[in-house]
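Notes follow the structure.
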Amino acid sequence: MTDRVLTPRMWFTAFWGIARRETLRFINQRGRFLAALVRPLVWLFIFAAGFRAVLGLSITPPYQTYVLYEVYVTPGLCAMIQLFNGMQSSLSMVYDRETGAMRTLLVSPFPRWFLLASKLVAGVFVSILQVYAFLAIAWAWGIEPPLYGYLTVLPALILSGMMLGAMGLFLSSAIRQLENFAGVMNFVIFPMFFASTALYPLWRMRESSTLLHDICAVNPFTHAVELIRFALYGQFDLLSFVVVLGCLVVFFGGAVFMYDPAKGLWARRKGG
Amino acid sequence: MPTDALSIQNVSHSFGKFQALKDVSLVVPRGSFTALLGVNGAGKTTLFSLITRLYTSTSGTIKIAGHDLRQQPGQVLARLGVVFQSRALDADLTVLQNMIYHAALHGIPAREARIRAVEVLEQVELADRIGAKVSALSGGQQRRAEIARALIHRPDLLLLDEATVGLDVKSRAEVLDLTRKLTQQGVSALWATHIMDEIQPDDGLVILHKGQVLEQGRAGDIAQDGDLTATFLRLTGERA
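These protein sequence lines are chains A and W, in that order. In this text, residue positions in the first sequence follow UniProt numbering: the first is 1, and each later residue adds one. In this text, residue positions in the second sequence follow UniProt numbering: the first is 1, and each later residue adds one.
Right under this line is the structure:
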């Protein structure tokens, strides 16, 4: 009887197949691409324009001079795209689980951590395409970070996308039904986004509430935003890097645990 | 002596305090069509979930073509083709795209997958719908596409969990005939069902009830006076 050994080429084929499927689904759902762009653009064109006159920003690193509010919120809106993309992946995982498509993935001979990681990387790739499309429109709107920033921001986008995607994977393992997803919006996405430095710098928070400042300071999304903000200007923020990397490990570890057949989610489900 | 396609020994599984499977042992001989007969809730899907490693059994051993699931999960899953009770094809993609995706999950590159997809779709008489979106297929065609998908990595054992649920009489007969034909070509099949009409006297039969195997052997030998329904009702204590 011959052994069916998984060669390195087969691992790559499996990863590529998962990435291809995610991309095909994305292409087939053009509305999703548009929706992902409309959200941050509304914030940029309407919200930021309105608040420009109200919110004054002193010089805040990595900026070396006063910047317009639109310039300040742009990295936060990049992270927002990735946050929503991570949640979209989470939603599609729950949907796949409800429809049974998830089983096709999980009965593959490849280990689950690899299958989940492949799905995660594929989702991040899609989110990065969205972010660059947003940055291109923002550039046309007059938000012009240095040209090298478009390159230096890439590793930051990969890491922050992975962290937010892993959080989505972890959440998907805890959500029992599609209907519960509204709760995720209310209890995860909105608090994470608003209690972060995406819209206002930390020092502004401290002026209004120390508690709010502390919450924002420990919010992983704040660190994703700052990692992107610094990288977009060719700088590296060590603290944000460490926090984002640490959260990625924790969230991904949690997702792998929850999707393990002997533990977590699957061990609690009843068959027929 | 060739090893059995599937060998399950003393497998039990619980969900909290509820014991879904109690000391289940069964074999599926190589190249056979074996029906796993049980009412809803008998434990068929739980057993399939254990064989496909969606759950891990609390005790016992599961071997496919001689490979132990606990020790060599990759080897076992590479030999399994599964048709789930609920539809598992991606409705947004075409039949071919689904085939390529599934083949990739077994490490088969897209070029090879295209060739194999044509082969298996011809086997299930669906080659003319290769470019159609799954959402455009009828229920019976979707089931046949699922069987083709499950065959693309050339498994030794095909697991079909209530594969005819929701199909009309004609489609049901087609899917059954197709599966029997596949066993004549060397693939072994474990067919979970609660419909006695789907079982023929020469089929292998395992009767599962409340998580326990009540009887197993050749269906014609188990059915007293050739009446499988009466035998089943007597064994399980259920009423007609």
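Just so it is clear, CB atoms sit at the ideal spot from N, CA and C, and this is done for glycine as well.
Alpha carbons only, please: which of the options is nearest the one belonging to residue i?
i: residue 94 of chain W; options: W:217, W:144, W:133 and W:88; result: W:133
i: residue 165 of chain A; options: A:99, A:87 and A:129; result: A:87
i: residue 109 of chain A; options: W:113, W:103 and W:88; result: W:103
i: residue 21 of chain A; options: A:62, A:7, A:120 and A:64; result: A:120
i: residue 217 of chain W; options: W:26, W:10 and W:105; result: W:26
i: residue 144 of chain A; options: A:25, A:34, A:112 and A:229; result: A:229
i: residue 196 of chain A; options: A:207, A:71 and A:216; result: A:216
i: residue 122 of chain A; options: A:202, A:237 and A:26; result: A:26
i: residue 236 of chain A; options: A:4, A:62 and A:51; result: A:62
i: residue 151 of chain W; options: W:117, W:62 and W:211; result: W:117
i: residue 155 of chain W; options: W:176, W:128 and W:74; result: W:74
i: residue 77 of chain A; options: A:115, A:15, A:6 and A:48; result: A:48
i: residue 202 of chain A; options: A:4, A:260, A:72 and A:41; result: A:72
i: residue 125 of chain W; options: W:131, W:141, W:111 and W:52; result: W:141
i: residue 116 of chain A; options: A:18, A:242 and A:240; result: A:18
i: residue 12 of chain A; options: W:108, W:4 and W:96; result: W:108
i: residue 164 of chain W; options: W:228, W:236 and W:194; result: W:194
i: residue 240 of chain A; options: A:139, A:177 and A:218; result: A:218
i: residue 173 of chain A; options: A:255, A:60, A:30 and A:16; result: A:255
i: residue 106 of chain A; options: W:147, W:79 and W:52; result: W:52
i: residue 176 of chain W; options: W:166, W:191 and W:186; result: W:191
i: residue 20 of chain W; options: W:72, W:69, W:110 and W:41; result: W:41
i: residue 6 of chain A; options: W:36, W:128 and W:153; result: W:153
i: residue 81 of chain W; options: W:29, W:16 and W:187; result: W:187
i: residue 55 of chain W; options: W:206, W:64 and W:45; result: W:45
i: residue 170 of chain W; options: W:147, W:139 and W:161; result: W:139
Check whether chain W comes within 8 Å of residue i, counting only Cβ atoms and requiring the distance to be less than that.
i: residue 275 of chain A; result: Missing from the structure shown is residue 275 of chain A; chain A here goes from 1 to 272 and no further.
i: residue 99 of chain A; result: yes
i: residue 107 of chain A; result: yes
i: residue 176 of chain A; result: no
i: residue 104 of chain A; result: yes
Taking DSSP as the reference, what is the three-state secondary structure of residue i?
i: residue 194 of chain W; result: coil
i: residue 79 of chain A; result: helix
i: residue 222 of chain A; result: helix
i: residue 62 of chain W; result: strand
i: residue 225 of chain W; result: helix
i: residue 4 of chain A; result: coil
i: residue 40 of chain W; result: coil
i: residue 113 of chain W; result: helix
i: residue 237 of chain A; result: coil
i: residue 188 of chain W; result: strand
i: residue 218 of chain W; result: strand
i: residue 137 of chain W; result: coil
i: residue 28 of chain W; result: strand
i: residue 21 of chain W; result: strand
Output needed for residue i: all residues of its chain with C-beta closer than 8 Å, excluding positions within five of it in sequence on either side, in chain order.
i: residue 58 of chain W; result: 12, 13 and 14
i: residue 102 of chain A; result: 93 and 96
i: residue 39 of chain A; result: 80, 81 and 84
i: residue 98 of chain W; result: 89, 90, 134, 145 and 149
i: residue 101 of chain W; result: 90 and 93
i: residue 243 of chain A; result: 220 and 223
i: residue 196 of chain W; result: 37, 228, 229 and 232
Taking 6 Å as the limit between beta carbons, can you name the residues of its chain near residue i, skipping five residues before and five after?
i: residue 223 of chain W; result: 231
i: residue 85 of chain A; result: 127
i: residue 189 of chain W; result: 33, 158, 179 and 183
i: residue 201 of chain W; result: 219 and 220
i: residue 152 of chain A; result: 231 and 234
i: residue 22 of chain W; result: 12, 211 and 212
i: residue 185 of chain W; result: none
Residue i CB to nearest chain A CB: under 8 Å?
i: residue 237 of chain W; result: no
i: residue 61 of chain W; result: no
i: residue 90 of chain W; result: yes
i: residue 167 of chain W; result: no
i: residue 164 of chain W; result: no
i: residue 193 of chain W; result: no
i: residue 52 of chain W; result: yes
i: residue 93 of chain W; result: yes
Report all residues from its chain with a CB closer than 7 Å to the CB of residue i; omit the five preceding and five following residues, and keep chain order.
i: residue 75 of chain A; result: 225, 228, 229 and 232
i: residue 222 of chain A; result: 196, 197 and 216
i: residue 162 of chain A; result: 120, 124 and 248
i: residue 66 of chain W; result: 3
* What are the residues of the region 2-33 of chain A that lie near chain W, defined by any Cβ-Cβ distance shorter than 8 Å? -> 3, 4, 6, 7, 9, 10, 11, 13, 14, 16, 17, 18, 20, 21, 24, 25, 28 and 29
* To do: Pull out every residue of the region 74-87 of chain W whose Cβ sits closer than 9 Å to any Cβ of chain A, in chain order.
  => 74, 75, 76, 77, 78, 79, 80, 82, 84, 85, 86 and 87
* Report the residues of the region 96-108 of chain W with a CB closer than 8 Å to any CB of chain A, ordered along the chain. => 97, 100, 101, 102, 103, 104, 105, 106, 107 and 108
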